[in-house]
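I have placed the structure first, in the form of structure tokens, so that the comments after it can refer back to it.
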Amino acid sequence: RLFEYGDASDPNDPLLAVLRSNFWLTTHVLTITFGYAAGFVTAAFGLVYMFMRILRLDVGDKSVRRFLSRMTYGCVCFTLFLSLVGTVLGGIWANYSWGRFWGWDPKEVWALISLLVYLAILHGRYAGWFSNFGLIFGTVLGATMIVMSWYGVNFVLPLLSSNGEVGL
Numbered sequence: 004r005l006f007e008y009g010d011a012s013d014p015n016d017p018l019l020a021v022l023r024s025n026f027w028l029t030t031h032v033l034t035i036t037f038g039y040a041a042g043f044v045t046a047a048f049g050l051v052y053m054f055m056r057i058l059r060l061d062v063g064d065k066s067v068r069r070f071l072s073r074m075t076y077g078c079v080c081f082t083l084f085l086s087l088v089g090t091v092l093g094g095i096w097a098n099y100s101w102g103r104f105w106g107w108d109p110k111e112v113w114a115l116i117s118l119l120v121y122l123a124i125l126h127g128r129y130a131g132w133f134s135n136f137g138l139i140f141g142t143v144l145g146a147t148m149i150v151m152s153w154y155g156v157n158f159v160l161p162l163l164s165s166n167g168e169v170g171l
């Protein structure tokens, strides 16, 4: 019921204002956007590396592979740093606006999943669990997590109803 017929009033409580400060809006949104953009650049480097290997465009030149893997590793570091700072700034903004730092809503959870994927990529590469190709594959996986946290939470999850069926 969106409207009460008897007294012609809206029974719903008004929403709380979340944008109390343009400072937090600007710092959080810009930082997380740059972090996610760096993740897409990282995935682009990864896809170039993959296509060069699959199509044998590098002609066995390991210096090209080494260059691309180093660029990818650096971009993963940059992505992790900016995404971490942006997520923490979002938590500070939530604490300022709503009085809580973390609320386990889908946007926060998928931002955390993206962070953990990039952290796993860096940790796995540093620990020697996988080679350059594992690093490259991880960047593509990381980009899919970013797509889910940026778009999927806003556009895909609302389509799912509480009983798991797709609704409109």
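In terms of my numbering, the sequence shown is residues 4 to 171.
The beta-carbon is built from N, C-alpha and C at its ideal position, and this holds for glycine as well.
* Asked: Between the C-alpha atoms of LEU171 and PRO161, what's the straight-line distance to the nearest angstrom?
  -> The sequence position of residue 171 within the sequence shown is 168, counting from 1. The sequence position of residue 161 within the sequence shown is 158, counting from 1. With a pLDDT of 46 at LEU171, under the threshold of 50, the predicted position of this residue should be treated as unreliable, though the coordinate-derived value follows. Going from the Cα of LEU171 to the Cα of PRO161 covers about 9 angstroms.
Check: Since THR34 contacts LEU85 with CB under 8 angstroms, what's their CB separation in whole angstroms?
Finding: If you number the sequence shown from 1, residue 34 lands on position 31. If you number the sequence shown from 1, residue 85 lands on position 82. The beta-carbon distance between THR34 and LEU85, rounded to whole angstroms, is 6 angstroms. This is short enough to meet the 8 angstroms contact definition.
- Message: Rounding to the nearest angstrom, what Cα-Cα distance links PHE81 and ALA41 in this structure?
- Response: Within the sequence shown, numbered from 1, the residue matching residue 81 stands at position 78. Within the sequence shown, numbered from 1, the residue matching residue 41 stands at position 38. Their backbone Cα atoms lie some 7 angstroms apart in a straight line.
key: Sequence-distant residues of its chain with Cβ nearer than 8 angstroms to MET109 (five each side left out)   = Your numbering for residue 109 matches position 106 in the sequence shown. Looking at the sequence provided, one finds Pro at residue 109 rather than Met. Around PRO109, the same chain offers VAL156, LEU160 as residues with beta carbons nearer than 8 angstroms, after the five sequence neighbours per side are excluded.
Pick from SER117, SER100, LEU58: whose alpha carbon is nearest that of TYR154? In the sequence shown, residue 154 corresponds to position 151, counting from 1. Comparing alpha carbon positions, the residue from SER117, SER100, LEU58 closest to TYR154 is SER117.
Let's test the definition: count the other Cβ atoms within 10 Å of the Cβ of ILE3 and tell me whether it reaches 16, buried, or not, exposed. Since the displayed the chain opens at 4 and closes at 171, residue 3 lies outside it and no answer follows.
Legend entry - Exposure label - VAL120; buried when at least 16 CB within 10 Å: The residue labelled residue 120 in the question sits at position 117 within the sequence shown. Answer is buried; the Cβ neighbour count reaches 16.
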